[in-house]
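So the sequences go chain by chain: G and A. Using the working numbering, the letters of the first sequence map in sequence onto residues 1 to 418. Using the working numbering, the letters of the second sequence map in sequence onto residues 419 to 730. Cβ atoms here follow ideal geometry from the backbone N, Cα and C, with glycine treated the same way.
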Amino acid sequence: MKKLATYGVKPHDAGMKSDGQQWSLMEKLLLGLTLDQYIGQVLRNKLNWFLAIIFAIGIPVILYRFVFSLGAVTHSSYDYPWGLFLGFGLFCMVPLSASGFMLGTTVEIFGRHDFEPIERLALLNGLLGYFFAVVYLLVDLGQPWRLSYPMVYSFGPAAVLFLVGWHVATYLSVQVAEVSTAFFEWIGFQRGYDFIRKGTVGLTVSGIILSTLHQGALGALFLYAPGKVHPLWYSSAFQWIHFFTSSIPAGLCMVICVSTVVIYTMKWRCDQRFIDNLDRITISLAKGAAMGLSTYLIIKLIAVAHDNEWAYLMTGWGAWWLFEIVGFVFAPLVILSYAIRNKLVGLCRIGAFITVAGILLNRLNTALITFNWKLYQEIPHKWEIIISITIFAIYITTYRFILNRLPILYQYKSKADE
Amino acid sequence: MSKITRRRFLAGSAAGGAALMLTPAQKALAAGSFEGFPEGMGVLVDLTRCVGCRTCEAACNEEQHLPEPSKPFDDFSVFDEIHHGQKRRTTDKAYTIVNRYDVKDTEEPLYRKIQCNHCNEPACLTSCFVNAYKKTPEGAVIYNSKVCVGCRNCMIACPFHIPAYSYHSVLNPVIKKCIFCYDTRLKEGKPPACVESCPQQVMTFGKRKDLMKIAHERIKKNPDTYVNHVYGEKEVGGTGWFYLSNAPFEEAGFDTDLPKKPIIDNVKDFLAIVPMVLTIWPALFTGFHLLATKGKSHGHGDDHSHDEQEGH
């Protein structure tokens, strides 16, 4: 796209062409380029080739899983019933997608319209993260075609997973509605746009409720396994609040990470408003993340004190816990604080990437690495890893497809510039 | 301006109310503590009598129509099998298994039969989001595999590592575990196949409360033989099957760190928070919204044109 821009080609960003004509859907899908130009830029992009290689290997493996059962692509472990699909796909994707409700709350509830340039990116990040968490779930479930059973057929309302299922499903629809405003603008459906905008506060408030509960509920799922999760990662009193609190810096830092990738690789798609505001917003988001991290750090320590688990810190697992807490909670907290104080955007971004890595480590520690700490550790099957990577690649592809088109990084104009 | 405010407030409240409807009385089930059906049956397993003949494994295999195992039931090399440093466990093809343990200070090895312990308040049951599990008044923990979605949360929840999963089934993978021979025997008051087959009378079938008395009497009569503990009397709220042993239970591979309370007790605190969040958050955050934006522009930055249109 950069190359095309040098020839004066401008991407589609408005309802009408500069000569007053409407864009056709096909033209919109091709970003306002001609077919030759479009294919040319697809082929020039090295990431596309990389993704194509992953799909060539991974998609047949996913098909293989559905034709030859879950047992064919995993270790079929009875001791580790939840592998990478849930350990990564569900438990990591969901906290990293807390951005939707965080920024929705900031802009719509607290009226902080200075965060608006990034709001839609945060909402989209939330929607896609949840959607792909469900995709991971569908691959993991033994009988995915029965996914609707807890909704319509057989209720187990005392189960935490029942709550997770209902809330993720409801929240997904809330997020579809929130992001649909961008879609309605893009296809030119003004009435749909107006209708959704009127319900924004309601949608945002339900987003907060649902997020509080299911982010916490993902933690509460492990309350069923008091002897299996290592005590340092387990807290019967605070598990849900650990998961909820850590989802706040997770979501905010994920937005910083995504916006960083976007500004370096898709700058052509960002409008001047986004580019001009990004540094300021990055620092503001980092402030929120730093507050979240400091709270999280303290309540993690309180949990150790509450259950009097200090002795565990002297063990090997304790060293691993300290590695996580010092390296991926305390260190990014220091980095972010220093960066905020000195207004160093680049350092904020580094801190954000470390925070995201820390959330991944924490969720994998809880769900897989320290799970069954009294038994043995299991390295996921290679095909399980390949499938997880492939789904993540589909996630990136979808993300990029939408960012390229819908008015997420740019404001939709009614008429294109000359 | 005030019109919009009120409408938005109502929208917020309505959304909250709708969310409230979505979670049916979750907590009704979290009331009180349940100590099992009074007439529930159980089995007392006396490990001092077990010689590791594996007859019970064979009987279970036949009764439940399980596939033929790779090693026959008279092959005792299975006792030496180690996977990931662990002895054998129940699988989707074997609902009960016997393991051998070397006990300190004695020549004689100890054999331990493992199967579902049929908890009074089963963790698997409380973790199941389609309510597939059922604790029957007869004392069995059974499940309806027709609604099993395959989330495997019950395998996470079971403190005894019992439920297994038929991972290799393509179209109908489901949970597999011991059901106390409910369909074929227990329902009619008969003991399960493994109990009946045992040549050593390791297992005693009866009402749980009667068996518990027998267990304590045996300990009282032979205090030098038995460890003074009935494993399963109090563990995770009490189990339908419980054990006597002459060696410390941890040496026979039992998890002796299990809580005395049912697993669901850990989760109740969280479940109690759910209705509070559903009720309080809508008012709280709609209130924040009004406090934060009163007197300021309500419009979305990119939205002013529409706001004006609305005003006309």
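(1) With a 10 Å radius around its C-beta and 16 neighbouring C-beta atoms as the bar for buried, classify A:PRO485 as buried or exposed.
(2) How many angstroms separate the CA atom of G:PHE162 from the CA atom of A:LYS595?
(3) Of the choices G:ALA169, G:VAL164, G:THR74, whose alpha-carbon is the least far from that of G:ASP140?
(4) In whole angstroms, what separates the C-alpha of A:VAL548 from that of A:PRO540?
(5) Are the beta-carbon atoms belonging to G:PHE330 and G:ILE354 less than 8 Å from one another?
(6) Could you check the C-alpha separation between A:ASN646 and A:THR554 for me, to the nearest Å?
(7) Just checking, does the segment 529-538 of chain A make contact with the segment 110-119 of chain G on the three C-beta pairs under 8 Å criterion?
(8) Using beta carbons (cut-off 8 Å, strictly below), is G:LEU403 in contact with chain A?
(9) Give the straight-line distance between the Cα atoms of G:GLN272 and G:TYR410, rounded to the nearest whole angstrom.
(10) Taking only beta-carbon positions, decide if G:TYR130 is within less than 8 Å of chain A.
(11) Which class does G:VAL229 belong to by DSSP, given the choice of helix, strand or coil?
(12) Does any residue of chain A bring its CB to less than 8 Å from the CB of G:LEU360?
(13) Hey, quick one: how far does the beta strand (DSSP E) through A:LYS374 stretch, first residue to last?
(14) Does DSSP put G:LEU406 in a helix, a strand or coil?
(15) At the 8 Å Cβ level, is G:ALA421 part of the contact set with chain A, yes or no?
(16) Can you name, in chain order, every residue of its own chain whose Cβ lies under 6 Å from the Cβ of G:PRO150, other than the five neighbours on each side?
(17) Determine which residues share a DSSP beta bridge with A:ARG530 and list them.
(18) Does any CB atom of chain G fall closer than 8 Å to the CB of A:ASP498?
(19) From what residue to what residue does the beta strand (DSSP E) around A:PHE660 run?
(20) Cα-Cα, which of G:GLY142, G:LEU285, G:LEU213 is closest to G:SER337?
(21) Between A:HIS586 and A:LYS511, what straight-line distance do the alpha-carbon atoms span, to the nearest angstrom?
(22) Pairing CB atoms from the segment 51-71 of chain G with CB atoms from the segment 334-348 of chain G, are three or more of them under 8 Å?
(23) Is the shortest distance between the beta-carbon of G:PRO81 and the beta-carbons of chain A less than 8 Å?
(24) Residues of the segment 68-96 of chain G in Cβ contact with chain A at a cutoff of 8 Å, in chain order, please.
(25) Can you list, in chain order, the residues of its chain whose CB lies under 7 Å from that of G:GLY404, leaving out five sequence neighbours each side?
(26) Which parts of the segment 545-603 of chain A are runs of the beta strand (DSSP E), unbroken and 3 residues or longer, counting only runs that do not cross its ends?
(27) Strictly under 8 Å for the Cβ-Cβ distance: is G:VAL160 near chain A by that measure?
(28) Given a limit of 8 Å on CB to CB distance, which residues of the segment 253-285 of chain G reach chain A?
(29) Taking only the alpha-carbon atoms, compute the straight-line gap between G:PHE419 and G:ILE302 and give it to the nearest angstrom.
(30) Within 8 Å, do at least three Cβ pairs link the segment 117-128 of chain G to the segment 647-655 of chain A?
(31) In chain order, what residues of the same chain lie with their CB nearer than 7 Å to the CB of A:PHE491, ignoring the 5 residues before and after it?
(32) Based on the DSSP output, what are the partners of A:GLY460 in its beta bridges?
(33) Quick check on A:HIS501: does DSSP put it in helix, strand or coil?
(34) Along chain A, in chain order, which residues have C-beta atoms closer than 8 Å to that of G:THR212?
(35) Any residues in the segment 375-399 of chain G with a beta carbon nearer than 9 Å to a beta carbon of chain A? Which ones, in chain order?
(36) Name the residues in the segment 666-677 of chain A whose C-beta lies less than 9 Å from a C-beta of chain G; which are they?
So, from the listed chains and residues:
(1) Around the beta carbon of A:PRO485, a 10 Å sphere encloses fewer than 16 other beta carbons of the protein chains shown; the residue is thus reported as exposed.
(2) In a straight line, the C-alpha of G:PHE162 is about 22 Å away from that of A:LYS595.
(3) That would be G:THR74, whose Cα lies nearest to the Cα of G:ASP140.
(4) Taken atom to atom, the span from the alpha-carbon of A:VAL548 to that of A:PRO540 is near 15 Å.
(5) Contact flag unset, no.
(6) Roughly 30 Å separates the two Cα atoms.
(7) Result no; under three Cβ-Cβ pairs closer than 8 Å.
(8) Output row for G:LEU403: interface = no.
(9) About 8 Å.
(10) False, the Cβ-Cβ gap to chain A never drops below 8 Å.
(11) Three-state DSSP puts G:VAL229 in coil, outside helix and strand.
(12) Not closer than 8 Å to any Cβ of chain A, the Cβ of G:LEU360 fails to qualify, so no.
(13) There is no way to answer for residue 374 of chain A, as the model of chain A reaches only from 419 to 730.
(14) Three-state DSSP puts G:LEU406 in coil, outside helix and strand.
(15) In the structure as shown, chain G begins at 1 and stops at 418. Residue 421 of chain G is therefore absent and cannot be evaluated.
(16) The answer, listed in chain order, is PHE162, GLY165.
(17) Its beta-bridge partners are A:ASN517.
(18) No, because no Cβ of chain G sits closer than 8 Å to the Cβ of A:ASP498.
(19) Element bounds for A:PHE660: 659-662.
(20) It is G:LEU285 whose Cα lies nearest to the Cα of G:SER337.
(21) Answer to the nearest angstrom: the Cα atoms are 11 Å apart.
(22) As far as the Cβ criterion goes, the segment 51-71 of chain G does not touch the segment 334-348 of chain G, which means the pair count is below three.
(23) Cβ-Cβ to chain A under 8 Å: yes for G:PRO81.
(24) So the list reads PHE68, SER69, LEU70, GLY71, ALA72, THR74, SER76, TYR78, ASP79, PRO81, TRP82, given in the order they occur along the chain.
(25) Note on residue identity: the sequence assigns Asn, not Gly, to residue 404 of chain G. Closer than 7 Å at the Cβ level, and outside the excluded window around G:ASN404, lie LEU31, ARG269.
(26) Runs found: 551-553, 559-561.
(27) Output row for G:VAL160: interface = yes.
(28) Listed by position along the chain: nothing, the set is empty.
(29) With chain G running from 1 to 418 in the structure shown, residue 419 of chain G is simply not present.
(30) With a cut-off of 8 Å, the segment 117-128 of chain G and the segment 647-655 of chain A do not count as touching, because too few Cβ pairs lie within range.
(31) Hits under 7 Å: ARG472, GLU475, ALA476.
(32) A:GLY460 is bridged by DSSP to A:GLY624.
(33) DSSP, read as helix, strand or coil, puts A:HIS501 in strand.
(34) Chain A residues near G:THR212: VAL695, TRP699.
(35) Within the segment 375-399 of chain G, the qualifying residues are LEU375, TYR376, GLN377, GLU378.
(36) Per Cβ criterion, the list reads ASP673, ASP675, LEU676, PRO677.
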